[in-house]
Structure formats: C-alpha cells, structure tokens
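As structure tokens, the structure follows; a few thoughts come after it.
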Amino acid sequence: MRIHPLIFLAAMAVLPARAESLPDLGDVSQATLSPAQERAVGYNIMRQIRQSSSYLDDPEVATYLNQIGFRLVAVSPEARQDFLFFAMQDTSVNAFALPGGYVGVHSGLLLTAQSESELAAVLAHEVSHVTQKHIARMIAAQQRQGMASLAAIALAILAARSNPQAAAGAIMAAQAQAMSSALAFSRDNERDADRVGVQILQKSGFDAHAMPVFLERLQRSTRSIETGAPSYLRTHPVTYERIADVQNRTYDLPYKQVPDSLDFHLVRAKLRALQKDPRDAIAYFDDLIAERKFSNETAARYGLVASLLRAKNTDRALREMKVLLPQAGTQPMIASLNGRLLWAAGKRPEALDWYAHASKLFPTQRALAYEYAAALIDARRADESKLLTDHWLQKDPDDGKLYELQARAFAQLGQPMMEHRSLAEAYVSIGNFPLAMEQLQLALRSSNGDFYEVSGIEARLRELRGLTAKQQ
Ligand SMILES: [Zn+2]
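Read in order, the letters of the sequence shown correspond to residues 14 to 485 in my numbering.
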C-alpha cells in the first residue's frame with residue numbers, strides 16, 4: 014500500500030534506526046501526538062517487524078487484508094487517517110494496532126475466524142483504537158509523566174501488541190515491564206473501540222453480530238485451553254461485561270446473511286498450506302476433499318495444489334490444477350498459482366504465456382506482476398521485465414520489491430550504475446538509509462552513466478545525507 018508522501022517524509026525524519034533519533038515530542042502538555050509523530054513511531058516499529066521472521070511477506074494475503082481493512086476505514090468517522098494492514102505468520106490468535114494506523118493480524122486469527130464478518134469485526138475494533146486516538150493518547154500520557162523515551166515506548170508497544178511472551182526477553186528493564194502494562198488498553202478504550210467498531214462493521218455491510226460471536230468463541234476457547242488465554246485476550250481483555258455490552262449494541266440490528274468471499278477461503282487455504290509441513294498439508298486437504306468436509310471446495314482444491322507445489326510434487330499438482338483452471342480467469346490467486354506451478358514444473362514458455370495472459374486479465378494484481386517480472390528475468394528477457402516494473406513503479410514509487418526486481422533487470426542488461434541506483438531505492442523503502450547511501454556511492458563509482466543520470470544520483474545522495482544529518 015502506498016504511503017502518503019508527507020507521511021513518508023515524516024517517517025524519514027526519524028531515521029536512521031537509532032533509539033535516540035526518534036523525534037522530540039516538543040510540547041509535552043499535548044493530550045495526544047500529531048498524526049506525523051504517530052506515524053513516525055509506527056513506522057519505526059514496522060521496520061523492526063518487517064525484519065522479524067514472523068512477518069508474513071505475502072502480497073496476496075496483504076492485498077486481501079487491505080481490501081477488507083479499507084472497506085472498514087472508508088466508513089469510519091476518521092477516514093483521513095493512513096492505514097496499512099499486514100499479516101504475521103504466528104499460530105496464536107491475535108491482532109494489534111500500532112501508532113499511525115499499522116494493523117497486524119496473526120495467521121492464527123485468520124484461521125480461527127469462522128466467517129469473513131468475524132475477521133472484519135476484529136479489524137473494525139483495531140481500526141477504532143487508531144481512529145479514537147487511544148494509542149496516541151497513551152503515548153502522550155507516558156511522555157507527560159516523563160516515564161521514558163519515545164524509543165522505549167515504541168519497544169514496549171511492540172512487545173505488548175505483537176507477542177508478549179517472545180518479547181519478554183527483548184524488554185529487560187523493570188521500567189519497560191511496568192510501562193508495558195501501563196500501555197495496555199483500558200476498559201474504557203475497549204468499550205469505545207467496540208462501540209465504534211460495531212458502527213463501522215454495520216455501515217460497511219458486514220454482519221455486526223459477528224463481533225459478539227467472535228468474542229464468545231475466544232472466551233470459550235480460554236476455558237478449554239490450559240496453556241492460557243489467546244494473546245488477543247491479554248491485549249484486549251474480554252470480560253462478560255464487555256460481551257454483554259457488545260450484545261446490547263448489536264441486539265436490535267437486523268441479521269444479515271453476508272456470504273464469505275472466495276478470497277477469504279483462498280487466503281485461509283494458502284495460510285494452512287504454508288503453516289503445516291507439506292506432507293501433512295497434502296494429507297489434510299486430501300482428507301477434506303475425500304470426506305467433503307470443506308466449507309468451500311475451490312479453496313480446498315487450491316490448498317491441495319499449493320501444498321503439492323510446496324512438496325515439489327508437480328506431476329500431481331498439474332493434474333489437480335485442471336479442476337481449478339476454469340476459475341483461473343476470474344480469480345487472480347488461482348491464476349497466480351497456475352503460473353507458479355507451470356514454472357516449477359519446468360514448462361517455462363507456457364508459464365510466460367500464462368503470465369502475459371493473466372496480467373492482462375488482472376492488471377492491478379501486485380503478486381502477478383512480481384512473479385511475471387521475476388520469470389522474465391530468469392528467461393533472460395530483462396528488457397521486458399524492466400518495462401513491467403517501470404509501469405508499476407509509476408503507480409507505486411515506494412515499493413521496494415519492484416526496485417529489487419528492477420535492479421536484477423539492470424544487472425542483466427549490463428547497467429551497474431542503474432542497478433545500484435535501484436538497490437538504493439529498495440533500501441530507502443525499508444528505511445535503511447546507510448545502505449541506501451552506500452549503493453548510491455557504488456552507483457557513482459560505476460562510470461557508465463550519462464550526465465543526467467549521474468547528477469540525479471548525486472542529488473539523491475545529498476537528499477539522504479541531509480535527512481540523516483538532521484538526526485545526528
Ligand atoms: Zn482492544
């Protein structure tokens with residue numbers, strides 16, 4: 014998702030990634046942070062999350078979450094706020110909002126939700142924590158009390174929101190421990206996020222009754238699981254009072270039959286295929302199909318092919334794919350799976366033809382563009398790959414993956430200066446300015462560029478140096 018340019022500048026102002034380099038909050042009597050300050054803190058936390066092994070770097074899952082998320086944001090009372098939804102590969106049931114509108118969802122929660130409306134209910138609650146400024150006010154309050162630096166607060170938020178157990182090691186200081194609980198949402202915050210959450214859930218066309226249903230399911234699972242409460246319950250405490258309150262809010266609302274989208278089922282099948290050992294995943298989907306226990310047959314078959322592909326059993330995957338192919342023209346995730354399968358099966362010309370066809374059918378599908386551009390490079394067709402990434406970069410100049418692909422194309426075309434220039438932008442996109450500047454210097458040392466290209470690189474280098482120096 015594109016980061017707003019102003020926000021991006023604000024975020025860059027906190028770089029490089031050093032604790033001391035976070036912005037000064039200035040007037041600490043303020044009750045809340047400015048949107049730019051909030052976004053800067055969130056951006057800093059996000060950079061750490063992106064580097065963690067549990068960050069799920071999957072454009073299809075991300076596209077889906079953002080589709081649902083923005084449907085809710087569009088009807089929320091504070092729709093001007095920036096948002097970015099992302100997934101974590103983590104079996105625990107949790108979701109969390111960071112300052113600045115970054116909302117994370119664990120794969121465990123995606124698999125536990127029994128309907129798309131239940132997933133939307135959780136997202137609506139998280140979106141409301143952001144739009145109601147709960148997090149921004151908490152940070153401002155900590156600052157006012159002189160509790161800790163903004164960097165320490167950012168770390169504590171990261172710990173409390175994402176994975177409290179794993180983060181315990183990261184936060185050694187007793188002060189940080191105390192702060193972590195001080196940063197937990199209050200009962201009033203929870204009630205407020207539920208109230209606004211129900212409103213936007215209702216307005217966006219999902220079934221608002223899914224919210225109390227999901228909370229009850231979580232609470233029941235707490236009683237049956239000895240290992241402790243799902244982490245969602247620790248960060249957003251669910252009490253009988255809270256459930257009763259949400260039930261009251263939804264009581265008079267008419268029941269709606271909201272059918273789940275095929276994307277919802279496909280994303281869950283993909284996560285399941287990823288989560289299990291490939292052989293277990295094949296057995297799981299085989300059983301689902303044989304016993305007809307699936308809630309959606311297409312998704313079960315998609316999961317089977319994805320699992321077979323992971324197990325490198327391309328012969329059987331190609332056979333099973335035939336059943337899905339009639340839907341590949343209307344469902345980009347199936348189209349993409351077919352492309353990956355043809356490629357893995359060594360049918361490269363067919364795969365390239367397929368990608369060319371599929372990118373015309375789904376011109377806005379990011380995952381397809383990444384796969385097609387990479388396949389073109391592997392097929393020694395770097396010039397075509399570059400045309401594709403150039404086209405996408407015009408729409409989204411902050412997409413680091415596109416710059417990486419563009420760099421590979423330049424390498425193949427024998428243009429080392431532009432290769433380093435693209436790599437520099439890939440580093441900028443993840444906020445790593447020192448490595449970006451190193452790449453720009455390498456670019457200047459490879460002397461095959463024309464005057465305009467060289468001055469462009471020099472200007473960019475000065476710009477990054479200026480931004481970094483401001484923080485020293
Ligand atoms: Zn909450």
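Where a beta carbon is used, it is the ideal one built from N, C-alpha and C, also for glycine. From a predicted model like this one, the values you see are computed outputs, not experimental measurements.
Item to check | Where the beta strand (DSSP E) containing H222 begins and where it ends | outcome: Here H222 belongs to no beta strand (DSSP E), and DSSP marks it neither H nor E.
Next on the checklist: Suppose you measure from the CA of V251 to the CA of V135; what does that come to, to the nearest Å?
Outcome noted: 13 Å
Checklist entry - Based on the DSSP output, what are the partners of F227 in its beta bridges? => result Looking at the DSSP assignment, F227 forms no beta bridge with any residue, so it has no partner.
Checklist entry - ligand 1: which residues have Cβ under 6 Å from any of its heavy atoms, chain order? => result H138, H142, F198, E203, A206, H249
Item to check | Rounded straight-line distance, which links the Cα of L401 to that of K269 | outcome: 42 Å
Checklist entry - Candidates E397, D391, A386: which alpha carbon is nearest K414's? => result A386
Next on the checklist: Quick test of the definition: if touching needs 3 or more C-beta pairs under 8 Å, does the region 306-315 touch the region 257-266?
Outcome noted: no
Next on the checklist: Taking only three categories from DSSP, how would you classify A206?
Outcome noted: helix
Checklist entry - Which term fits T125, buried or exposed, when burial requires 16 or more other beta carbons within 10 angstroms of its beta carbon? => result buried
Item to check | Whole-Å CB distance - W367 paired with A382, under 8 Å assumed | outcome: 14 Å between Cβ atoms; not a contact.
Checklist entry - Just the Cα atoms here: how many angstroms apart are L228 and S199? => result 17 Å
Checklist entry - Which residues in the same chain as L455 place their Cβ atom closer than 7 Å to its Cβ, once the five residues preceding and following it in sequence are excluded? => result H433
Item to check | Candidates E333, S65, M431, I443: closest to F464 by CA position | outcome: M431
Item to check | Length of the line joining the Cα atoms of H370 and E363 | outcome: 10 Å
Checklist entry - Going by other Cβ atoms of all chains shown within 10 Å of its Cβ, with 16 needed for buried, is Q407 buried or exposed? => result exposed
Item to check | Which of helix, strand or coil DSSP assigns to V118 | outcome: strand
Next on the checklist: Taking the beta carbon of G121 as the centre, do at least 16 other beta carbons fall within 10 Å, making it buried, or is it exposed?
Outcome noted: buried
Next on the checklist: Between which two residues does the alpha helix (DSSP H) holding F298 run?
Outcome noted: 291-303
Next on the checklist: Considering only the alpha carbon of each residue, which of A296, Y253, Y77 lies closest to R230?
Outcome noted: Y253
Checklist entry - From A3 to D328, what does the alpha carbon distance come to, in whole angstroms? => result No information on residue 3 is available, as it lies outside the stretch 14 to 485 that the chain covers here.
Item to check | Rounded distance between the beta-carbons of L266 and Q215, thought under 8 Å | outcome: 6 Å
Next on the checklist: Cutting at 8 Å between CB atoms, please list the residues of its own chain near G82, excluding the five before and the five after it.
Outcome noted: F96, F98, V116, L136, V140
Item to check | For A133 and A221, the rounded distance between their alpha carbons | outcome: 9 Å
Item to check | Cβ neighbours of S217 in the same chain (closer than 6 Å, five flanking residues each side left out) | outcome: R84, L85, V88
Checklist entry - With C-beta atoms as the reference, is F298 less than 9 Å away from R323? => result no
Next on the checklist: Suppose only complete runs of 3+ residues qualify. What are the beta strand (DSSP E) ranges in the region 343-374, listed by chain order?
Outcome noted: none
Checklist entry - In the DSSP assignment, what are the bridge partners of M101? => result Y68, H119
Item to check | Reduced DSSP category for A456 - H, G, I as helix; E, B as strand; rest coil | outcome: helix
Next on the checklist: Bridge partners for A110 per DSSP, in chain order?
Outcome noted: V116
Next on the checklist: Once DSSP output is grouped into helix, strand and coil, what is the label at E91?
Outcome noted: coil
Item to check | Residues near E51 in its chain [Cβ-Cβ closer than 7 Å; skip 5 each side] | outcome: P112, G113, A149
Next on the checklist: Measuring straight from C-alpha to C-alpha, what distance separates P225 and L480?
Outcome noted: 47 Å
Item to check | Where D201 sits in the DSSP three-state scheme | outcome: helix
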